[in-house]
Structures are given as structure tokens and as C-alpha cells.
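Residue numbers (the numbering used here), protein chains in the order written: chain A, 1 to 354; chain B, 355 to 708.
Set out below in C-alpha cells:
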């Protein structure tokens, strides 16, 4: 009487293609400029904290489900209420928790396009609909905002792949027009001139706004999977019911706590990356690329005389990985701001190609 | 025009109470016998592998999304196809992935009771219904099995809190009567005389059966959050679309790979725990407790003359934590098999109490 297991799967799951992460070669001498990793590695305090935590007694016991030490450290470092923080196994975990908390099956997620492709995957897994709204030509959100019946609005800010930012006034305008929570995905927020954390600082708590952050990019901890969301404490209380009890492990909690407590190191690394970004942008322009000035740790570019796909392939032959991104409306290369020697190598190869 | 964020939450999320994990005191001299942690710590190879992996370059880069090295090591250690393995951020993550893959909103999850309380929480988060079927008096699944319209059947085997096992013949009988996948949650499978992994060994691949395993208990790695599921490769392929791309971090992958490769250490630790379990069981019987012979790393007991709640409270005053578990049909104490000195301390206090 048994069905085959495949027939038992939800049809949405069978139908979806799944999110494709950037290539992660596990061996070889590759210059990886494809997944916005940080070339400088984490704060030395992270290494020390991890080494101290590797004991049999720490590893054998469950972690603190609420990540209390991390939330206190993050609250102090960022000037926000620890009770407004939800811990996540990467900010993708936070996005999953938010989707499951706010979006019913057959519900609606809306997001500007082109943007982070995971939002569509999250809608598909949930069995929800996904609608996109095109950014304006100057990478703003359209006003008036055309979709008012969504359950959740995802705004990557800075946006990927464009590296552009929607400013506070524009976000206020958007907030006035929607009746669902606005999730501002600030994965790249530390590289930007402006972010939205002020909405939660100094005992404020912004109704209808949820900010997500990752430690993968600016804190250089992509390997340990840690992110967090900032929302009204009463919302965080509800989100905690949806998160897995032990979603963050003892080592990632240690690493994240040490990293967020070292804001001086963060500033130093971000300053270096922004300087290299500026050099990369002007070099790309010299080579004839069209670029969009970036407020993230990557640069989005196209070349009028060379297909992005062929540049991508040529670079790959030289062991340099960048991200070729294809949207219905846009196709281009998203190049991570690596170290200065890595960018030098990239530019040497690009000079041969274009 | 904005709603309050609380009003935007799915009503199922607002209504649910959430899973309550066992207490995890973060400080103090506590004898923790409440969450089935392993007193012996992980294999020394785990410590070595972690120490070697703590470099800035490993931490700054994303992990391998497919956990290929772990799956190969686990395949070799357990005699199963690496492509039949799904990696998870703890086996709870695997249970979440399975729920999202097979159970639609308003779908049905069924499970014997009393058992692991998370299954109900997973149904609630998904907006699905949850039905329980009582174990028989001798802790078997009833035959005939009464619920045939479920989307997923969860069977904890060995079961918590009872520590009892449903054997292969009984599982075959169950499989003949259901039309949905059977998830056999073998979190405690290494402590049992029999487990169901044979269904996937020697190039077999059991249709309609999915086994979940955790590294938290027998491998003593509750702190690092790692589990896995075993299913037909075509099912694993679909489940990978639902899991978060980077659900397991570089350090937990390293630890899990080293741990599963050291089967000799596993056997040594399991042998010690089973010997202590036998001593704990006979000592509890001497003290007048009713116990059920356990095939897990805990013992479920009640005392005819003392309320479980009062024994729990008295032990807690002496800094000994056990798990007080209340089901509509059963109330009792679930006591983790700790180290011999820990069990000695427990027995001294119990002698004073009963």
C-alpha cells in the first residue's frame, strides 16, 4: 500500500529547482571573488576564543539556546536592546525563520528585482507566491510601491548584485505604503555609508521593520555560519518559537561574540576593503567596463564589447572565480573585493581579455 | 496603513507555545542528567581536527554545502551510500527539512505517544495537524496501525522517554500499513541492540524509510550541532533543495567527520555508558523505583510512593538536574546515564529522598 517516497513529497518541492550557491571549490589555488568572502580573516580575538572553547566538556554539552552572551555583546556593540536580537545559523537561517513566521502556504513574498535569488527559493519551499517589482533605472524602489497585499517584503540593502542602497527617506516612504513587515537584509550593511540600525538604537524599536545581519562578510566568518535579526522584542519572542532550539552551536556563538566585540578590527578591515573597492571600480572603468558605484564588498559590472559569460569563462581558465549572474532584465559579473594582490591578478587577466 | 507586526504573524505561530528544551544552565557546578549529553566527551581526533581547522583562511570561507568529506567518511564507517546521506545542523534540522518537504499546511503528522515533543512543534510551525497513537502497554506500535492518511510518521526508536525499541519485524508490519514515509529517529540508535541502518547497507535503499541520526549523544558532540538523515538518493536530492545551502559550518563538518571516522572510540564510550546504565537501573529498582529496561543513554522511572515532581525538585536543590516529563498519559523522570561518579552522587541523593 505504500506510495513511492517521491510521490509523497510536496509538489512545490518537486517542482522547484533550488537555490544554487556560488561555487565553493574545496581544493586548488583559486582566487575566489565569487561569494563575497572577506580576504582578511576574522579578528585575532575570534581565533583565541575558539581555541579556548575547544574542550571536550564544551563540545559535549548543548549550547545556550538563546545565545545570551552574544546578544548582550551585540547589544552593547551596536547600541540596541539584546531582547531585540534573534540569533541565526547564518542570516539565511533568519530569513527562513521570518518566512515561516509570516508567510502562509499560498501567501505572497515580494521583493525588488534584480536581487538576492534566495528570496524566491524561500517562497517556493513555503509553497508561497513570489512577485518581483523592478528597481527604477537609478536603483531606487518605485514610488508608489505597487504591491500592497504581500505577507513579507524583502529588501536587500545594499542590494546584490548592484551594490546600491535605498536611503532612509525612501524606506520611510515605502513603509508608509505597505501593510506587511519590511525585512531589510543588511548582509552588506557594514560596507555602506548608511544603514537602518538607527531605527532600533537608543531604546527605539521600529514597528514593522526587521533588519537581518550576517557575520559572513564584514566579520569574515562565512565558515562558521552566524547571523542575526533585529526586530521588536515582542516579535523576537514569537520568532524564537519558530527557530530550532539549538540553531547556533557553541563554537559559532563563541566566534560571533568575540567578533562583534571587536569593532575596532571591523572598522580597520572595512576601511581597507572600501579603499580596494574604489581602486577596483576605477580600474574597471579604465578597461571600458560599465560599473555601478558600490556600497558593498563587491562591484557589479558589464562590458559593452564582451559578453559577461565569456569574461567569466576566460577568468575561470586562469583560476579566478567571479560570479556570473543572469536575471531576465540584467546580466553581468559580480566581483568580490578581494585583497589587493588578488585584485591585481584579476586586473592583469582582465587586461588580456578585454 | 501598517498593521502591527504581531498581526502579520501566521496565526499558528501566535497560537503555539513552542518547544521547551531541557534546562541548559551556563554556569555553576551542576550534575546535568537532563538532556542526554554524553559524559565522556568526543574522540581526541575531534579535538585535533578542530584545532587544525581554526585558521583565518578556513573561517573566512564558506563551507562545502554538500559536506562531501563527511558523507564519504560516514558512508565508509556505516557501510552506506554517501549519496543516501543528508547533512543537518543537528538531527532537529533534518526533522525540520523532512517536515517541510513532505507535509503541506493542513497536512498531517502522526507519531506514537509518549515520545519526542518536538514532532508536535514541527507540525505546529508548518501549520499541519498532529495526531498521536498510544504505544501499547509493552511499548510496541499497535497492530493494526490506525492512521493511514498521514503525510509523515515519526517514530523515535529507541523512544524517548521510555528508552524502548520497536524491532525490525514490527517496523516491517507498520511499513505494510502506511502510505507515507516512515521517519525512524535513531538519535539513540547507537545505544540499542538493534537499529534500522541495515535497510541501507550493502547497496540496499529502503523505499519509504528515512532514518535520522545525531552526533549529539553517542558521539558526544551536542555542542557542535550535527546530525544526518539517510534516505533513498533520489529523496536526498529533493531534501537538499529544502535545506539551507550552508546549514553546516566548517568546524562542525570537521568535528563530525573526525568523530564518525573513529568507530573504535564510539564503541568504547557506548560500552561504558551501557554498563553504567545497567548499574543505574538495578540501583533504582533497589530504591523502589519502577523502571523500563532502556536501550538508550537514559532511564525512565517513576516511584510508587513519591511524586516525580517532588523528586525532581529535591534533586535540583542538590544541584542535580534530571528531566521531569509530563504527558497526558505518563509522568516520570528521565535520567541521563552520566559518568559513574555522577550516578554515584545521584544515587546518594535519591537514597535520602525516597
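Glycine included, C-beta positions come from ideal geometry on N, C-alpha and C. These numbers come from a predicted model, not from an experiment.
| Asked | Found |
| --- | --- |
| Do residue 573 of chain B and residue 396 of chain B have their C-beta atoms closer together than 8 Å? | yes |
| Buried or exposed: where does residue 176 of chain A fall if 16 or more other Cβ atoms within 10 Å of its Cβ makes it buried? | exposed |
| At the 8 Å Cβ level, is residue 16 of chain A part of the contact set with chain B, yes or no? | yes |
| DSSP on residue 562 of chain B, reduced to helix/strand/coil? | coil |
| For residue 109 of chain A, which residues does DSSP report across the bridge? | A/130, A/152 |
| Name the chain B residues whose beta carbon is nearer than 7 Å to that of residue 180 of chain A? | 362 |
| Do you know how far the Cα of residue 308 of chain A is from the Cα of residue 375 of chain B? | 50 Å |
| Per DSSP, which one or two residues make a beta bridge with residue 583 of chain B? | B/440, B/566 |
| Give me the Cα-Cα distance between residue 237 of chain A and residue 198 of chain A, rounded to the nearest whole angstrom. | 21 Å |
| What three-state label does DSSP hand residue 338 of chain A in the structure shown? | coil |
| List in chain order: all unbroken beta strand (DSSP E) runs of 3+ residues lying wholly within the stretch 221-281 of chain A. | 227-230 |
| Output needed for residue 254 of chain A: all residues of its chain with C-beta closer than 7 Å, excluding positions within five of it in sequence on either side, in chain order. | 49, 50, 53 |
| For residue 228 of chain A and residue 86 of chain A, which I take to be in contact (beta-carbon distance under 8 Å), what is that distance rounded to the nearest angstrom? | 6 Å |
| Looking at chain A, is there any beta carbon in it that lies within less than 8 Å of the beta carbon of residue 598 of chain B? | yes |
| Going by alpha carbons, who is nearest to residue 419 of chain B out of A/90, A/334, A/152? | A/90 |
| Taking the straight line between their C-alpha atoms, what separation do you get for residue 593 of chain B and residue 665 of chain B? | 43 Å |
| Return yes when the Cβ of residue 546 of chain B is within less than 8 Å of the Cβ of residue 649 of chain B, no when it is not. | yes |
| So, with DSSP's three-state summary, where would you put residue 351 of chain A? | helix |
| Does residue 706 of chain B pass the burial test, meaning 16 or more other C-beta atoms within 10 Å, or should it be called exposed? | exposed |
| Short of 7 Å in beta carbon distance, which residues of its chain neighbour residue 421 of chain B, apart from the five on each side in sequence? Order them along the chain. | 441, 602, 607 |
| Identify whether residue 493 of chain B lies in helix, strand or coil by the three-state DSSP scheme. | coil |
| Which residues, in chain order, does the stretch 374-400 of chain B contribute to contact with chain A at a C-beta distance below 9 Å? | 374, 375, 376, 378, 380, 386, 389, 391, 392, 393, 394, 395, 396, 398, 400 |
| When the Cα atoms are used, what is the spatial distance from residue 80 of chain A to residue 74 of chain A? | 8 Å |
| Taking only the alpha-carbon atoms, compute the straight-line gap between residue 671 of chain B and residue 59 of chain A and give it to the nearest angstrom. | 26 Å |
| State the DSSP-derived secondary structure class of residue 45 of chain A, mapped to helix, strand or coil. | helix |
| Where do the ends of the alpha helix (DSSP H) carrying residue 59 of chain A lie? | 56-60 |
| Check each residue of the stretch 241-270 of chain A: if its Cβ is closer than 9 Å to any Cβ of chain B, include it; give the result in chain order. | 241, 242, 244, 245, 246, 247, 248, 249, 250, 251, 252, 255 |
| Return the chain-ordered list of same chain residues with a C-beta closer than 7 Å to the C-beta of residue 143 of chain A, the five sequence neighbours on each side being excluded. | 173 |
| Spell out a yes or no on whether the stretch 4-17 of chain A and the stretch 446-459 of chain B are touching, meaning 3 or more CB-CB pairs, one atom from each, closer than 8 Å. | yes |
| Around the C-beta of residue 11 of chain A, are 16 or more other C-beta atoms found within 10 angstroms, so that it is buried, or is it exposed? | exposed |
| Do residue 114 of chain A and residue 330 of chain A come within 8 Å of each other at the CB atom, strictly closer than that value? | yes |
| Let me make sure I understand the geometry here. Which of A/340, A/35, A/206 has the alpha-carbon closest to that of residue 271 of chain A? | A/340 |
| Excluding sequence positions up to five away, which residues of its chain have a Cβ less than 8 Å from the Cβ of residue 385 of chain B? | 673, 674, 675, 692, 696, 699, 700 |
| Helix or strand or just coil, what does DSSP make of residue 676 of chain B? | strand |
| First and last residue of the alpha helix (DSSP H) that includes residue 366 of chain A? | For chain A, the structure presents residues 1 to 354; residue 366 of chain A sits outside this window and is missing. |
| Ordered along the chain, which non-local residues of its own chain (more than five positions away) have a Cβ less than 6 Å from that of residue 336 of chain A? | 33, 36, 298 |
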